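Structure first, then comments.
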Amino acid sequence: MNVAGLSLIFLVAAIVIGYKRDINIGILAIIFSFALVLLGKLKMSMVLNAFPSSMFLTLLGTMYLFALLQDNGTLELLSRKLVSLVGKQGWLIPIIVYLISYFISAVGPGAISAQAIMIIFSVSLSVQLGIKPYMMSSMAILGTVGGTVSPVALTGVIVHDLTAKMTPPLNANTPLLISITIMNAICALVIYIIFKGYKLKMPEYKAGDNPSDFKAVSFNRDQIFSLIGMAILIVVVLAFQMNVGLVAFVIAVVLSLCNAVNEKMAFKLIPWGVLILVGGMSILMDVTYQVGGIQLLTDILKRIMNKTTAAFIMTLISGITGWFSSGNGVVIPTFVPTVPDLANALGGVSPIELIISIVAGATIGGLSPFDSGGSMIIGYYAQETGIKEKEQQSMFLVFFGLAVLCVFIAALVGLSGLYRLFI
Numbered sequence: 027m028n029v030a031g032l033s034l035i036f037l038v039a040a041i042v043i044g045y046k047r048d049i050n051i052g053i054l055a056i057i058f059s060f061a062l063v064l065l066g067k068l069k070m071s072m073v074l075n076a077f078p079s080s081m082f083l084t085l086l087g088t089m090y091l092f093a094l095l096q097d098n099g100t101l102e103l104l105s106r107k108l109v110s111l112v113g114k115q116g117w118l119i120p121i122i123v124y125l126i127s128y129f130i131s132a133v134g135p136g137a138i139s140a141q142a143i144m145i146i147f148s149v150s151l152s153v154q155l156g157i158k159p160y161m162m163s164s165m166a167i168l169g170t171v172g173g174t175v176s177p178v179a180l181t182g183v184i185v186h187d188l189t190a191k192m193t194p195p196l197n198a199n200t201p202l203l204i205s206i207t208i209m210n211a212i213c214a215l216v217i218y219i220i221f222k223g224y225k226l227k228m229p230e231y232k233a234g235d236n237p238s239d240f241k242a243v244s245f246n247r248d249q250i251f252s253l254i255g256m257a258i259l260i261v262v263v264l265a266f267q268m269n270v271g272l273v274a275f276v277i278a279v280v281l282s283l284c285n286a287v288n289e290k291m292a293f294k295l296i297p298w299g300v301l302i303l304v305g306g307m308s309i310l311m312d313v314t315y316q317v318g319g320i321q322l323l324t325d326i327l328k329r330i331m332n333k334t335t336a337a338f339i340m341t342l343i344s345g346i347t348g349w350f351s352s353g354n355g356v357v358i359p360t361f362v363p364t365v366p367d368l369a370n371a372l373g374g375v376s377p378i379e380l381i382i383s384i385v386a387g388a389t390i391g392g393l394s395p396f397d398s399g400g401s402m403i404i405g406y407y408a409q410e411t412g413i414k415e416k417e418q419q420s421m422f423l424v425f426f427g428l429a430v431l432c433v434f435i436a437a438l439v440g441l442s443g444l445y446r447l448f449i
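Using our numbering, the letters of the sequence shown correspond one by one to residues 27 to 449.
Structure, rendered in structure tokens:
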């Protein structure tokens with residue numbers, strides 16, 4: 027068996043063994059990455075260079091800052107006040123999270139910056155409502171990736187630049203925005219129904235714990251400083267597109283100098299197991315990608331592609347690739363330029379339909395725990411609740427399952443002909 031096929035087997039083995047034996051999957055992933063390099067007689071630097079330093083700093087910085095805010099009670103009081111605003115209409119909260127996430131992403135920042143803000147609130151709201159973050163945080167992710175194809179948002183700008191260079195130039199802005207918005211709304215609706223969001227009610231609180239009781243409670247001095255820090259984080263990240271992790275480190279240090287937070291307690295609250303899990307799996311997936319494992323899957327799918335299944339297959343290919351790599355940085359810039367030749371070869375297929383399919387798959391997989399979005403959710407929830415490593419790994423599998431589900435739904439939407447409906 028070649029290294030490409032072996033890499034896929036190792037990927038499955040790391041997940042199964044880690045889950046069954048209650049071993050951190052990230053550690054196993056690093057070991058399997060090492061084994062792949064040895065068996066393939068490749069350079070050891072492939073493993074070392076695969077470490078997701080940018081994602082690690084982003085996660086560590088934000089986890090550190092919000093561990094400080096969790097310890098001084100800022101997040102709990104803020105989330106209680108937010109929950110109190112909807113009264114007893116708990117079923118509205120996921121819908122509101124989705125709409126706000128979509129709007130913030132669409133007006134310019136794009137999905138990455140918007141997720142850094144909305145995931146935090148979605149997890150805090152989930153904790154206050156006494157539910158796992160699967161539904162609420164899915165609404166945050168899906169809202170942001172739905173809005174990111176706006177002509178002024180990150181993904182929309184990238185796609186426009188790529189299509190403008192084609193011969194002849196293509197303008198996919200409007201059909202892209204409409205199709206991706208509808209597709210994301212469908213995925214959000216499915217998840218809302220699966221987790222019975224329509225039945226979501228405000229929990230029965232003990233005396234003194236009801237969020238409504240906290241409407242009149244004022245933030246103390248430390249919490250006010252923390253809120254100012256959060257506001258600065260939001261403005262800097264959304265307006266200036268700076269790395270949220272690095273900005274979070276700066277704000278955390280300033281709050282420490284102001285004696286508004288307890289630095290030592292924050293280190294105890296950071297879920298280090300999640301960081302190892304995400305880092306290790308990212309290394310294995312990067313090595314798998316480099317040795318041709320993902321290409322092997324792609325080639326299998328391409329063999330069954332024709333003009334009828336083109337949108338379906340392209341969505342699957344970009345979605346599978348997007349689980350393990352950057353949609354904006356890798357998938358879209360790699361696949362979109364191939365569209366003109368592919369459309370000509372298939373015949374009877376609109377290039378814009380294929381572009382929409384690629385973007386749909388590349389963005390909808392943001393729930394994957396290999397992506398910064400999915401990993402942030404698990405990390406923040408573990409940080410707020412102190413769940414054990416076994417449950418963290420269960421959440422890892424659930425979010426990957428949701429990512430698979432969403433990519434498959436997006437592919438079915440493509441098969442239905444929606445992606446060519448607004449061309």
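Virtual Cβ for every residue (Gly too), placed ideally from N, Cα, C.
Bear in mind that the values here come from a model prediction, so they are computed numbers and not experimental data.
Cβ atoms of Val304 and Leu64: under 8 Å apart, would you say? no
Please return the same chain residues whose Cβ sits closer than 6 Å to the Cβ of Ala337, not counting the five positions on each side in sequence. Glu379, Ser383, Gly440 and Tyr445
Here's the rule: buried if 16 or more other CB atoms are within 10 angstroms of the residue's CB, otherwise exposed. What is Ala233? Residue placement at Ala233 cannot be trusted, given a pLDDT of 49 that sits under 50; what the coordinates show is reported in the next sentence. Residue burial annotation: Ala233 is exposed, with fewer than 16 other C-beta atoms found within 10 angstroms of its C-beta.
Inter-stretch contact at 8 Å, needing at least 3 Cβ pairs: the region 36-45 / the region 414-426: yes
Is the region 149-156 close to the region 201-209, with three or more CB pairs under 8 Å? no
If Thr341 and Ala386 are in contact, beta carbons under 8 Å, what's the gap, nearest whole angstrom? 5 Å
Express the C-alpha separation of Gly318 and Ile53 in angstroms, rounding to a whole number. Cα atoms of Ile53 and Gly318: separation of roughly 22 Å, rounded to the nearest angstrom.
Can you tell which of Ser105, Ser394 and Lys294 has its C-alpha closest to the C-alpha of Met311? Ser394
Across the region 158-175 and the region 129-149, are there enough close Cβ pairs to call them in contact, namely three or more that are closer than 8 Å? Because the criterion of three Cβ pairs below 8 Å is met, the region 158-175 and the region 129-149 touch.
Residues in its own chain within less than 6 Å of Tyr124 by CB, not counting five upstream and five downstream? Met165, Gly169 and Ala214
Backbone CA spacing between Tyr406 and Gly353 [nearest angstrom]: 23 Å
Apart from the five residues just before and just after Phe425, which ones in its own chain have a Cβ nearer than 6 Å to its Cβ? Shown here for Phe425: same chain residues with a beta carbon closer than 6 Å to its own, the five before and five after excluded, namely Leu393, Pro395 and Gly400 in chain order.
Contact under 8 Å by Cβ, Gln141 with Ile121: Result no, Cβ atoms of Gln141 and Ile121 do not sit closer than 8 Å.
Exposed unless 16 or more other CB atoms sit within 10 angstroms - verdict on Pro512: Here the chain covers residues 27 to 449 and nothing more, so residue 512 does not appear.
Output needed for Ser344: all residues of its chain with C-beta closer than 6 Å, excluding positions within five of it in sequence on either side, in chain order. Val357, Phe361, Ile384, Gly387 and Ala388
Between the CA atoms of Thr314 and Ile465 - distance to the nearest angstrom: Absent from the structure is residue 465, since the part of the chain shown begins at 27 and ends at 449.
So within the region 316-375, which uninterrupted alpha helix (DSSP H) runs reach at least 4 residues, ignoring any that extend past its ends? 319-328, 336-350, 358-361 and 365-372
DSSP three-state label for Ile119, please. helix
Sequence-distant residues of the same chain with beta carbon closer than 7 Å to Met70, five excluded per side: If we look at Met70 and ignore the five residues flanking it on each side, its Cβ neighbours are Val63.
How long is the line joining the alpha carbons of Gln316 and Ala292, rounded to whole angstroms? Inter-residue distance for Gln316 and Ala292 is about 37 Å (C-alpha atoms, whole angstroms).
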